[in-house]
Each structure stands twice: as structure tokens, then as C-alpha cells.
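Numbered per this note's numbering, the sequence shown finishes at 1713, counting up by one with no gaps. Reviewing the structure listed below.
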Amino acid sequence: MPEKVVQARSLEDIKKEWALKLNILPEDITLEVIDKPSFFSRQWKVRLIWEEVQVPVVGPSQTIWDGTKYTIVLGEGVKQFTPYWEAGEVWYNGVLQENPFRVSFGDQVEFHPLAQPGLLTWEMDVRFQGLSVVAKVKHELPGHYILAENLPPAEEINLVQFLTWESLPAQGEIWDEARLNADLEQLKVVHGRRLRVWEEILAVKGVQEVVVAEATLPIPPEHARLEDFVGEPEANSGQEGKKIDFFASKVKLVEEGAVLARKIPSSPGIPGQDVLGKVLPAAAAKDFQFRLKKNVYLSPNELEVVANCAGQPVRLDEKTYSVEHVYIMNKDVDLATGSIEFPGDVFVNGNVQDGLRVFAGGKIEIRGSVSHAEIRAEKGAKIHQNLLGGKIVIGEKFVVRSELLRLASELQNRLSACLQRTAEVIKSPGAVNLKQGQCLKLVMEKQFPELPKLSNRLEKFIIDNKDDEVITEGLSVSIRTAKRFLTGLGPLEPQSIPILLRVNQAFEQFTQSLTIEISDKLSFVVSYVQGATIECGGSFECQKGTYNSDIRVEGDVTIEGVCRGGKIFAGGKVQIRELGGSEVSSTFVQISPESRLYVKYCHSNVVIAVGKEIIQIEEPYRNLEIYRENGKVQIEKIRANPIPN
């Protein structure tokens, strides 16, 4: 026996590895241990012993045909024979064999091949009360199986691998297509014969059912269907498991002209016909009609429900729709309700809590207080109780356009003065050796250092409010161009002055064409304000007092109580009962040159600006009135004693 000494980490690995190399079974390998794993070596040292496998000699098998059967004389090395029942019978030692069996060299096996005379017949059956005709076809091809004279050497002879079908002339009963037509005529089949059915019958092998004719079934009607775009109430919309933004608006909204629902019209069905010619009627189509409530209408073709205004869509029942243009919240706006964003008016019969927001395309009325929230209303707002912190924007369109006009006008005025001064410097004898860009840079650094910052502010403003229709592409290009030639080394570029002259002209045309009309009805009314930021495109009225708040109003300001700390910027007249009073922080009020300021009692430590002119109030006064007349600021006042704390 051959043997070999090898080393490995385990005896099992040795057997597997060498069984593959020697092409033998692991059980045929014997291991004699020479050394076991130790401290110095973790491997087994063994001697492999195995027996060499003798490759058997296999010879061919011979077949003898006597006209009715084959006699197969098995060759050397054949051990097993597998019959194939579909091709014929196999006999061995006088016994019919159905399963594979063991054989030896020189044995004889008889094979009686199957021979078929040929057959093509059928039985017709009308089924399902005339909906189909089925032929149960029997089809046998004429011929028999044959074997080659010699079978190649192999340990197993599987008969199916060596058989060949030989076709012979038909001798049995063969029906043709004319017989098929006659049978259908006898059954009175007049409709629904399938195309190429004769080819299907010829393709049958053995016994198989073939559908010869089928009824034309009625096509059912398409009932009128509803496409709903409003949806189910949120409680039934399956929000479980989803991430919820409690600060987001939970009010579903639509724009004016939005389609709330659509009807897909019905279409009638088409009658059918069975194989015997009987008509199969189609069912009738079902229809429905929309029911309309407020702020909706039907499209001209009466197939769509359309919103007549922006608001909250409401689906009252299966086919009834409306749109609410006023959103009413009869409780606090808190984490449970979420924020509110609504295109119409909003009425909150409660408070608005920290971090939430209420946005309205119309008016907002809040019966309670607002604490560190964001309120935006396009057509006015009223807060019946206190406003603590947060941001209020009333008439955002007016606020944005007013600020845009102010910034653009300021940039245009200063740029115009800068360019004029630069032109004077260029003509002066001391600038003979200076380029125009150097003159511009020199004038900006000494007299107009604020121009770069002002251009940056204006650019940031138009980026933040780019959706406003007033901010055109031309205006944006002019502002970006101004920034380029007013910042960094921009003034030193050769074409800086000609380009800035054109930009300045564009700013002048824009400021002259932009007009802001403040609605008389646009107002913000609140009871008490503390630490809030307010921007209002109309008028502002506070019934009690304001403390440390930043208030910017395009129209009139009326504060019936105390205004202490913070800043007020007003475009209209300002009336305040008591102004200032804090020893820690000053109070600042700025009015436009055309406005008037009325203060019933004014404390010291108050700064008042009329346009660009600053007035410092250093002692208390009564009935203070400040206005501009004939180009000069007029101050009417009565000295008063300080109000005791």
C-alpha cells in the first residue's frame, strides 16, 4: 500500500485534503499518528496509508433486432440497466422490469419497442350553457422506437438515452379538419370559433382538451368613479408610526381654482354572444351627482368640483364638498394642534404658545395671549391680550417693498454723491497722475466708507425676498453689479465708474417707479407688548404699553400707555401717552420727515430722530410735539417734573 508522512492542525483536515488529492473517499484513508501537538509544535504529524483504486474496464454492448424485439447483449463493465416505460417493455430473465436493475457482463436483456398505428379522434362537449365548446382529443403519431446496433461502453445503460423515434405511414383512424367543421355544424355552433384551432389539435400528443369555440362575453360597463383630492379626516389617515412635526401646520389647504374632486364618467357595457348565437346582455352603468356647498363650483363639463377661493377643503360626505375661507380654532394653538398656515382669515379663541406660528393670507384675530410665537397676516391682526416676545409681520408685501425702497434709495443717494465727488476729484490738479478708479477708491475710503456694506445689505435683502414680484432680474443684476464694483478691488477696475453711473441711473428709475400704497384698513392692534419684534405695513395701536420691543410701522403709531425701551420706526404720525422712563436702556423713536410725534409725557434718556436729524431728550417734558416745517425741525414742549416712581 502507498503511504506518505504529512503535517496539519487537525486529523479531519488531513483526511479531507488528501481525499480530494487522491480522488478517493476519506473513509479509505488510514492515519497513523507519529507526533501529537505540543508546546513547540501545534500540528499533528501522521502517516497516510491508502489503497490504490483499480479503474474498471468497460466495453460496448450489442443489440440484435429480430423484427419484433431487441436483444441487448451487455458488454464488459456494465452494472445497471434502467428501463424507459413510455418507449416499450423491458424483460430480464423472463421477468418484466419496471425499475432499474443490476446486470453483469454477458447478460441478455429483451426490449419490446412500442409501435403505434396512428390515431386522431375527439369528443365534442358544449359547456357552461353555451359559453364554450371543448374537444377531448386523442392523438397518437404512427411509428416506433429503434435502437442502434451497438451501445457505447458505460457502467449504466439508461434506455432513454439510446432510443430514436421512427415515423411510419398511418394505419389507424385519422380525422381531418372537414370532420371538425361537420361536428361543429351538427352542434349548431355559429359563433366564437378560435383561430388556428386545427393547428392546436395536430400539436396534441396523447390525450388533451382543446377549446374549439368560445363565447364573446359581455364587456361590463365602467361605473362613474370619484377621484377625491381632499382625503379622509386626519384622524383616519393612518399617521401612526410617522414622524410628526408638531410645529408644522396641520391644516390642509388649497388654492383658488384647485380641483377638489373629479368624476370619471361612466361608459356603457357591450353585449356578448355565446357559441350558439344567443345574445348575452351587459349590465347597466351606475352614475352619481356632486353636491356643492359654499365656495365651490362645478367645471363647465360638470365633472370637477373646483375651489372658488383659497382655503381649507371640506368633504362633508361621499359626494358633498365645500371650502372654508375662515379658519376657526376654538382652543389654544399648541403642540397638539400644530401651527396654522391658512390663505384666508384665522380666528383663534385661545392662546398661541411658544415656538408655534400662525400665518394667514387674510386677517388674524387672537382672543388670548401670544408668547414667543411668529404671527404673519397680510390684511391685519388683533391680539386681545398680551404679546410676549416673538415676531409679528403685518402686510409682509408692504413691509418688504418699503424696506427695499428705503435701502435702494439710500444706496442710490450715496452712490450718486460719491460719483459726483469722484468727478470733481478727477478734474482737480492734484489728481493728474491718478487713474479714475484710484480716485473712486480714494473718495470711497475717505467720505463714503459705508457704500460696500450698504450694497451687501441690499444684495442679502433681495436674496431673502426673491419671490416678491417687484424684485426683477434687472434689479438683481444692478445690485450684484453695484456690489462687485463697490467692494474689494472693484473700484480700481478700468470700467468701474462708467458701469456705476449706469447702475446709479437704474436705481434712480427703480425708486421713482416703485410706489407703495398703504391700505387704510391694514392695521395691528394689541393690548400689551414686551420684548417683541413687530413689522407692520399699516398702522399700529397698543392699548396698554410696549416694553423693550422693536417696532417698525409704515403708517401711524398709537400707544395709549407707556412706551419704554426698544425702538420705534414710523412712517406716519406717532401718538404716545408716556415715552421713556428706563434708567438702564434708552428709548429710540424715528419718524419720517413728513410725520409728527405727539407725546403727552416724555421722560429723559429718549432719542428722537426726524429723518437724519437726531434729538436727545435730556429732561422730562409734557405735551411734546416734534415735526418738520419749512425744512427745519420744530419742537414744542412744556418742561415738567419727573413722575415719581
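Using N, Cα and C, we set each Cβ at its ideal position, and we do this for glycine too.
Check: residue i C-beta below 7 Å from any heavy atom of the ligand SAH
i, result
"E1324", "The model on display carries no ligand, and the ligand SAH is accordingly not part of it."
Local Cβ density within 10 Å of residue i, reported as buried at 16 or more and exposed below that
i, result
"V1364", "buried"
"S1607", "buried"
"F1356", "exposed"
"K1447", "buried"
"P1411", "buried"
"P1381", "buried"
"T1655", "buried"
"E1234", "exposed"
"S1617", "buried"
"L1455", "buried"
"W1133", "exposed"
"W1153", "exposed"
"K1256", "exposed"
"I1332", "exposed"
"L1108", "The amino acid occupying residue 1108 in the given sequence is Phe; Leu does not appear at that position. Answer is exposed; the Cβ neighbour count stays below 16."
"T1136", "exposed"
"E1603", "buried"
"F1196", "exposed"
Of the residues the options, the one placed nearest residue i, counting alpha carbons only
i, options, result
"S1437", "F1415, K1700, R1690", "F1415"
"Y1689", "V1278, K1668, G1423, I1659", "K1668"
"V1201", "Q1480, L1384, G1345, C1486", "G1345"
"D1402", "V1621, E1370, E1433, A1441", "A1441"
"W1266", "L1248, G1135, E1277, K1256", "L1248"
"I1396", "D1385, G1406, M1512, D1413", "D1413"
"E1080", "P1094, T1490, K1089", "P1094"
"L1647", "E1662, H1671, I1117, I1659", "H1671"
"P1661", "T1579, E1223, K1700", "K1700"
"C1631", "Q1643, E1208, V1426, G1639", "Q1643"
"I1619", "K1612, D1532, G1599", "G1599"
"L1187", "R1110, P1210, V1625, F1196", "P1210"
"A1378", "P1220, A1238, G1429", "G1429"
"R1264", "Q1276, Q1254, A1250, E1245", "E1245"
"V1391", "N1417, K1399, R1359", "R1359"
"E1217", "T1131, Y1160, R1261, N1161", "T1131"
"Y1160", "T1150, Q1148, Q1176, V1146", "Q1176"
"Q1148", "G1640, A1222, Q1197, A1183", "A1222"
"I1117", "P1151, R1110, L1099", "L1099"
"I1565", "G1613, L1522, T1490", "T1490"
Under the three-state DSSP convention, the category residue i falls into
i, result
"L1508", "helix"
"L1479", "helix"
"R1077", "coil"
"V1609", "The residue you asked about is not Val; residue 1609 is Glu in the sequence shown. The answer is strand: DSSP assigns E1609 an E or B state."
"V1621", "strand"
"F1553", "helix"
"Q1563", "coil"
"R1262", "coil"
"W1112", "strand"
"A1449", "strand"
"N1616", "strand"
"I1494", "helix"
"D1251", "helix"
"N1698", "coil"
"R1435", "coil"
"P1520", "helix"
"S1660", "coil"
"W1133", "strand"
"W1159", "strand"
Proximity below 8 Å, CB of residue i to CB of residue j
i, j, result
"W1190", "V1171", "no"
"F1553", "I1567", "yes"
"L1560", "Q1488", "no"
"F1179", "I1140", "yes"
"K1450", "E1433", "yes"
"D1536", "V1461", "no"
"G1457", "S1439", "yes"
"L1270", "R1330", "no"
"N1398", "N1419", "no"
"L1215", "L1231", "yes"
"G1240", "V1343", "no"
"G1337", "A1326", "no"
"R1482", "E1527", "no"
"E1681", "E1693", "no"
Chain C contact for residue i (CB, 8 Å cutoff)
i, result
"G1463", "Among the chains in the structure shown there is no chain C, since it carries only a single protein chain."
> In the region 1323 to 1391, which residue ranges form an unbroken beta strand (DSSP E) of at least 3 residues, counting only runs that do not cross its ends?
Replying inline: Taking 3 residues as the shortest admissible run, the region 1323 to 1391 contains the following complete beta strand (DSSP E) segments, listed from N- to C-terminal end: 1327 to 1332, 1364 to 1366, 1372 to 1375, 1380 to 1383.
> Which ranges would you report for the beta strand (DSSP E) in the region 1201 to 1246 if only whole runs of at least 3 residues count?
Replying inline: You should have 1211 to 1215, 1224 to 1226, 1231 to 1235.
>> At 3 residues or longer, what runs of the beta strand (DSSP E) sit wholly inside the region 1386 to 1430?
In response: Listed in chain order, the complete beta strand (DSSP E) runs (minimum 3 residues) inside the region 1386 to 1430 are 1388 to 1392, 1394 to 1397, 1408 to 1410, 1413 to 1416, 1425 to 1428.
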